[in-house]
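Structure first, then comments.
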Amino acid sequence: MAIMKVGPAGIETISGAMKRPKKQNGHNHGNYLVAVHRIAESENPNCQRIYSFDADRYKRTTALTAKEQAQREKFGAICTAVTARRKDLSKIAADTEAFLAQRETGKKTMRAYLFSLEKQAYEEAHNG
292 MAIMKVGPAG IETISGAMKR PKKQNGHNHG NYLVAVHRIA ESENPNCQRI
342 YSFDADRYKR TTALTAKEQA QREKFGAICT AVTARRKDLS KIAADTEAFL
392 AQRETGKKTM RAYLFSLEKQ AYEEAHNG
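Going by the working numbering, the first residue of the sequence shown is number 292, and it counts up by one from there.
Right, dumping it as structure tokens:
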């Protein structure tokens with residue numbers, strides 16, 4: 292989704308995906324239209340660029356490696372554990388208290404805090 296800044300004269304800047312291909316019946320129709328607005332200082336007055344890419348631009352061309360598959364499985368297992376822990380009534384109070392105690396110096400969101408706990412538990416269980 293693109294982010295747009297609108298001023299009195301209309302659109303001033305736009306950044307992000309303005310259009311994506313529509314997938315229908317197993318294949319894509321259209322292309323990507325991406326706008327980039329540079330905010331870094333430069334002497335070049337042209338800070339807005341628009342690019343068009345083919346529908347298969349982001350399609351993977353190689354098979355997953357064993358390492359990538361293992362990382363996906365680990366991430367999925369941790370996400371499942373976090374979701375279950377967020378719904379576990381026996382742990383909500385203790386997790387909330389522990390999160391609030393570390394929030395200033397540690398993780399800023401409850402989900403990130405629980406993710407770090409479950410990641411640590413996963414690594415201890417699988418790496419000994």
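Cβ atoms here follow ideal geometry from the backbone N, Cα and C, with glycine treated the same way.
Contact test: residue i Cβ vs the ligand GDP heavy atom, cutoff 7 Å
i: E364; result: As presented, the structure is devoid of all ligands, the ligand GDP included, so that no description of it is given.
Inter-residue spacing [alpha-carbon to alpha-carbon] between residue i and residue j
i: K399; j: Y413; result: 21 Å
i: H320; j: E409; result: 41 Å
i: T353; j: E359; result: 12 Å
i: F390; j: R377; result: 12 Å
i: E303; j: I369; result: 42 Å
i: V373; j: T396; result: 21 Å
i: T387; j: A361; result: 31 Å
i: S407; j: M401; result: 10 Å
i: N418; j: F366; result: 15 Å
i: E334; j: L380; result: 58 Å
i: T371; j: Q315; result: 31 Å
Top-ranked residue by Cα proximity to residue i, from the options
i: F344; options: K296, I305, R311, E334; result: R311
i: G317; options: A308, N337, D347; result: D347
i: I383; options: E395, L405, K365, Q411; result: L405
Residues near residue i in its chain [Cβ-Cβ closer than 8 Å; skip 5 each side]
i: V297; result: E303
i: R363; result: L355
i: I305; result: A293, I294, M295, K296, A326, H328, Q339
i: K350; result: none
i: I330; result: C338
i: Q393; result: Y404
Cβ shell of residue i (< 6 Å), same chain only, five flanking positions each side left out
i: Y342; result: V325
Cβ-Cβ separation, residue j to residue i (assumed contact under 8 Å), whole Å
i: Y323; j: A308; result: 6 Å
* Asked: Whole alpha helix (DSSP H) runs in the stretch 322-406 with 4 or more residues, listed along the chain?
  -> Within the stretch 322-406, the complete alpha helix (DSSP H) runs of at least 4 residues are 357-378, 380-393.
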